[in-house]
Amino acid sequence: MGWLRDWKRRRILERHHVDDALWRRAIKHLPFLAGLSAEEERRLREFAVLFLAEKQFSPVHGLALTEDDRVEIALQACLPVLELGLDWYSDWTGVIVYPGDFRVRRTEIDEDGVMHEWDDELAGEAMPGGPVVLSWDATANDPYMNVVIHEFAHKLDMLDGVADGKPPLHPGMDARAWRKAFEEAYEGFCDAVERGRDTWLDPYAAEHPSEFFAVVSEAFFEDPGETRRRYPGVYEQLKLFYRQDPLSRRR
Ligand SMILES: [Zn+2]
Numbered sequence: 144m145g146w147l148r149d150w151k152r153r154r155i156l157e158r159h160h161v162d163d164a165l166w167r168r169a170i171k172h173l174p175f176l177a178g179l180s181a182e183e184e185r186r187l188r189e190f191a192v193l194f195l196a197e198k199q200f201s202p203v204h205g206l207a208l209t210e211d212d213r214v215e216i217a218l219q220a221c222l223p224v225l226e227l228g229l230d231w232y233s234d235w236t237g238v239i240v241y242p243g244d245f246r247v248r249r250t251e252i253d254e255d256g257v258m259h260e261w262d263d264e265l266a267g268e269a270m271p272g273g274p275v276v277l278s279w280d281a282t283a284n285d286p287y288m289n290v291v292i293h294e295f296a297h298k299l300d301m302l303d304g305v306a307d308g309k310p311p312l313h314p315g316m317d318a319r320a321w322r323k324a325f326e327e328a329y330e331g332f333c334d335a336v337e338r339g340r341d342t343w344l345d346p347y348a349a350e351h352p353s354e355f356f357a358v359v360s361e362a363f364f365e366d367p368g369e370t371r372r373r374y375p376g377v378y379e380q381l382k383l384f385y386r387q388d389p390l391s392r393r394r
């Protein structure tokens with residue numbers, strides 16, 4: 144049904160666009176979007192329009208999102224798949240946005256068969272096969288994390304059925320090289336967190352390899368220079384996976 148999807152997308156793009164003034168406002172808020180080539184910028188703007196048409200946004204608990212807010216979420220969500228294609232997000236539709244952090248009930252059965260229940264307070268969550276959930280407060284105001292890129296990186300990670308910090312790699316990519324780069328970086332990172340050292344990346348990344356992948360993906364797009372300096376092997380693998388070299392845009 145690729146032709147039908149392509150036809151629908153063409154029709155959407157004939158009727159909608161991100162206008163120049165909105166794009167300039169978005170870059171003001173999201174300076175890492177600057178430096179795209181004219182062709183990349185055109186494609187990202189188109190992706191954002193299609194993303195808004197194909198995904199279902201649900202602001203909840205009285206939150207009202209403006210056109211700018213939605214477009215900025217869409218631009219950040221689409222940046223990681225700019226060279227992969229929007230179909231990498233095709234197995235789900237919902238984007239739920241809470242005004243602030245939200246609670247989710249967790250249950251886990253330990254090795255003795257005892258069930259544990261607790262509440263987690265989250266700024267974002269990507270549900271396998273389901274929606275992406277975002278805190279608007281964290282999305283708009285948290286200077287230390289990019290919740291949108293973080294949650295959409297989780298979505299990509301989950302595409303092979305398991306959230307383990309390794310998305311489905313492209314033909315020609317070397318899974319061993321990926322594993323080596325990420326394991327070394329993750330182990331060193333966890334060690335630094337344990338020793339209470341300054342880690343640059345959010346210590347939350349030590350929770351799990353999937354969190355490390357999501358957090359380092361944020362850094363890859365937002366601060367590629369420092370990401371490459373600290374984690375050259377990881378930077379190289381992310382460059383191959385995302386098929387982008389954000390550092391080249393900064394020069
Ligand atoms: Zn996460």
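Residue numbers (our numbering): 144 to 394.
Built from N, CA and C at the ideal position, the CB exists for glycine as well.
- Here tryptophan 321 is buried: its Cβ has 16 or more other Cβ atoms, across all protein chains shown, within 10 Å.
- Between tryptophan 279 and valine 247, the CB-CB gap reaches or exceeds 8 Å.
- For the 8 Å CB-CB criterion, glutamate 294 and glutamate 268 form a contact.
- When DSSP assignments are scanned along the stretch 203-271, the uninterrupted stretches of beta strand (DSSP E) that are 3 or more residues long and fall wholly within it turn out to be 237-241, 245-252, 258-265, 267-269.
- For the pair histidine 160 and valine 257, the Cα-to-Cα distance works out to about 53 Å.
- In the DSSP assignment, leucine 195 falls within the unbroken alpha helix (DSSP H) covering 181-197.
- Collapsing the DSSP output to three states places valine 359 in a helix.
- Counted as a single uninterrupted DSSP element, the alpha helix (DSSP H) harbouring leucine 299 occupies residues 290-300.
- Taking non-hydrogen atoms of ligand 1 into account, the C-beta of glutamate 354 is found less than 7 Å away from one of them.
- The shortest CA-to-CA distance from lysine 382 to any of Ser233, Asp317, Asp303, Gly237 is the one to Asp317.
- For the pair glutamate 254 and alanine 306, the Cα-to-Cα distance works out to about 21 Å.
- A Cβ-Cβ separation of about 13 Å leaves proline 367 out of contact with leucine 344 under the 8 Å criterion.
- The criterion of a C-beta distance shorter than 8 Å is not satisfied by glutamate 215 and leucine 156.
- Beta-carbon to beta-carbon, tryptophan 231 and valine 224 are separated by about 5 Å, close enough to satisfy the 8 Å threshold.
- Nearest neighbour of asparagine 284 by Cα position, chosen from Arg167, Ala357, Ala266, Leu312, turns out to be Ala266.
- Under the three-state reduction of DSSP, leucine 173 is assigned to coil, being neither helix nor strand.
- Contact between valine 359 and threonine 342 does not hold, since the beta-carbon distance rounds to 11 Å and is not under 8 Å.
- In the structure shown, leucine 277 falls within a strand segment according to DSSP collapsed to helix, strand and coil.
- Annotation for lysine 382: the continuous alpha helix (DSSP H) segment containing it runs 375-385.
- For leucine 156, the enclosing alpha helix (DSSP H) stretches over residues 145-158.
- Residue range 318-337 is occupied by the alpha helix (DSSP H) that includes arginine 319.
- Within the same chain, Leu193 come within 7 Å of arginine 152 by CB-CB distance, once the 5 residues on both sides are set aside.
- Non-local beta-carbon contacts of proline 271 in its own chain, meaning distances under 6 Å to residues more than five positions away in sequence, involve Met301 in chain order.
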